[in-house]
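Going by full-length UniProt numbering, the sequence shown opens with residue 1, and the numbers climb by one from there.
Quick notes on the structure that follows.
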Amino acid sequence: MPETEFQVNGTLIWYYYICKRQVWLMAHALGPDQEDNNLYQGRTIHEFSYQRDKKEINLGNIKIDLVRSEKGRLIIGEIKKSSKFLTSATRQLQFYLWQIEQMGIAACGELFIPEEKQRIEVILDEEARLELETATKKIIDIVEKAAPPPAQKIKWCKPCAYAEFCWA
1 MPETEFQVNG
11 TLIWYYYICK
21 RQVWLMAHAL
31 GPDQEDNNLY
41 QGRTIHEFSY
51 QRDKKEINLG
61 NIKIDLVRSE
71 KGRLIIGEIK
81 KSSKFLTSAT
91 RQLQFYLWQI
101 EQMGIAACGE
111 LFIPEEKQRI
121 EVILDEEARL
131 ELETATKKII
141 DIVEKAAPPP
151 AQKIKWCKPC
161 AYAEFCWA
């Protein structure tokens, strides 16, 4: 992939912290099984939760799940089905905060996990910025390879919507 065409997005950041093979597959337009039950549940939760908020905001190469204003603060929110992938979800939201910060927009981040009735504040600090810079470079390295990284059995394989691409 030519470098000028490719931009890292929040979904790739999320996948990066779970499975590098998924990063390559997603970046090469090889999507997960859209009938996967976990994906269906996630879409349903996203669609029916927080209906009064502005949702699905496209801003450059990012798609923000939820935007609201509370006590004079702009809140950028990411809606998740569960807290199982908390590290990935946190990095994804930090990536969004980092991207909009580069556009001159100040915002706070919150992960929303409606099924668990959780709201988790997410901070973009210098450590997160450095981590995201490194992750972005590594994602580009993965994507520019001719083939995906080899499949590796990890704890997330069983519920994975990409399982056919690894174990079929």
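Glycine included, every Cβ here is placed at the ideal spot set by N, Cα and C.
No experiment lies behind these values; they were computed from the predicted model shown.
Looking at the DSSP output, Ile13 sits in no beta bridge, so it has no partner there. In terms of Cα proximity to Met26, the closest of Leu111, Gly60, Ala147, Ile79 is Ala147. CA-to-CA, the gap between Ile57 and Trp24 works out to about 25 Å. Glu121 is bridged by DSSP to Glu110.
Looking at the backbone, the Cα of Cys160 and that of Tyr15 are separated by about 11 Å. Of the residues Glu116, Tyr96, Lys20, the one whose Cα lies closest to the Cα of Ser83 is Glu116.
Taking 8 Å as the cut-off, the Cβ atoms of Ile18 and Phe85 count as close. Listed as beta-bridge partners of Asn58 by DSSP are Lys63.
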